[in-house]
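Following the working numbering, the numbering of the sequence shown begins with 88 at its first residue and continues without gaps. Backbone N, C-alpha and C define an ideal beta-carbon position, used for all residues, glycine too. Since we're looking at a predicted model, the values are computed, not measured. Okay, so here's the structure we're looking at.
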Amino acid sequence: MFDAKADAIAALEACGAPVDRLSFEPGAPDWYHPGRSGLIKLGPKTVLGHFGEFHPNTLDALDVTGPLCGFEVFIDAIPEAKRKATRTKPVLQLSAFQAVRRDFAFVVDADVPAATLVRAALGADKVLISGVNVFDLFAGPSLGEGKKSLAIEITIQPRDRTLTDEDLDRLAKSVIANVEKSSGGVLRG
């Protein structure tokens, strides 16, 4: 499901959609699995696409065995870019320091959107954290009724020095605190 979402976002970006302003919510058409799919929206009303795992009834109708994911994007719904005065782009600043990745899994209420965790993790340190990706969703009786586990990968890109273990621990604590505060979840242990 997350690969289909990433592919849909990449397709929208290639078509000129402002991917930094997209939101995601449940409510994809019936041919998608209701718990493993979503809408891609720009603002409260503009639907730019659907993504997810196909419903078992859809797979049966197509005579397909095994899980299958897909996405749809509505290119005609992408608003035209506003004309801006052209100016030179800033020089690309590449870091001489190796990026570091850290994984975190949080148990949250089933109705908490993954975007809440992503925004909270990014807010922990806007300078060092260059990216946050959701890579796993788990829901089962071992987590409790109405709970799910979301796993995120944080990409940390130092700019001016190599980070120490203490720096990374401090950043991890900040990410955990931000996510727990914004989502009401707890670090899965």
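Coarse secondary structure for serine 261, derived from DSSP in three states: In the sequence shown, residue 261 corresponds to position 174, counting from 1. Note: serine 261 maps to helix in three-state DSSP.
Identified DSSP bridge partners for alanine 101: Here residue 101 is taken as the residue at index 14 of the sequence shown, counted from 1. BP columns for alanine 101 are empty, so no partner.
Under the three-state DSSP convention, the category valine 205 falls into: In the sequence shown, residue 205 corresponds to position 118, counting from 1. Here valine 205 sits in helix by DSSP.
Alpha-carbon spacing of valine 266 relative to valine 219, whole angstroms: Locating residue 266 in the sequence shown gives position 179, counting from the first residue. Locating residue 219 in the sequence shown gives position 132, counting from the first residue. Cα to Cα, the separation comes out at about 12 Å.
Beta-ladder partner(s) of histidine 137, from DSSP: Here residue 137 refers to the residue found at position 50 of the sequence shown. Among the bridge pairs identified by DSSP, histidine 137 is matched with Leu126, Glu159.
Contact set for alanine 201: own chain, Cβ-Cβ below 6 Å, skip 5 residues either direction: Along the sequence shown, read from residue 1 onward, the residue named residue 201 stands at position 114. If we look at alanine 201 and ignore the five residues flanking it on each side, its Cβ neighbours are Val221, Leu237.
Length of the line joining the Cα atoms of arginine 272 and alanine 211: Looking up residue 272 in the sequence shown gives position 185. Looking up residue 211 in the sequence shown gives position 124. For clarity, residue 272 is glycine in the given sequence; the question names arginine instead. If I take the Cα positions, the gap works out to 16 Å.
Among Gly153, Phe161, Asp150, Phe184, nearest to leucine 129 - alpha-carbon criterion: Taking the sequence shown and counting its residues from 1, one reaches residue 129 at position 42. Residue Phe161 is the option with its Cα nearest to leucine 129.
Residue-level contact to chain B via CB, threonine 133, 9 Å cutoff: No chain B is present in this structure, which holds just one protein chain.
Residues that arginine 189 bridges to, as DSSP identifies them: Start at 1 with the first residue of the sequence shown, and residue 189 comes out as number 102. Looking at the DSSP assignment, arginine 189 forms a beta bridge with Ile241.
Whole-angstrom distance between aspartate 252 and valine 151, CA atom to CA atom: Reading the sequence shown from its first residue, position 64 is the one you call residue 151. Reading the sequence shown from its first residue, position 165 is the one you call residue 252. Answer to the nearest angstrom: the Cα atoms are 49 Å apart.
According to DSSP, residues forming a beta bridge with asparagine 220: Translated into positions along the sequence shown, residue 220 becomes position 133. As computed with DSSP, asparagine 220 is found in a beta bridge with Glu240.
Outcome for serine 124 when other beta-carbon atoms lying within 10 angstroms are tallied against a minimum of 16: The residue you call residue 124 lines up with position 37 of the sequence shown. Its Cβ being crowded by 16 or more others within 10 Å, serine 124 is buried.
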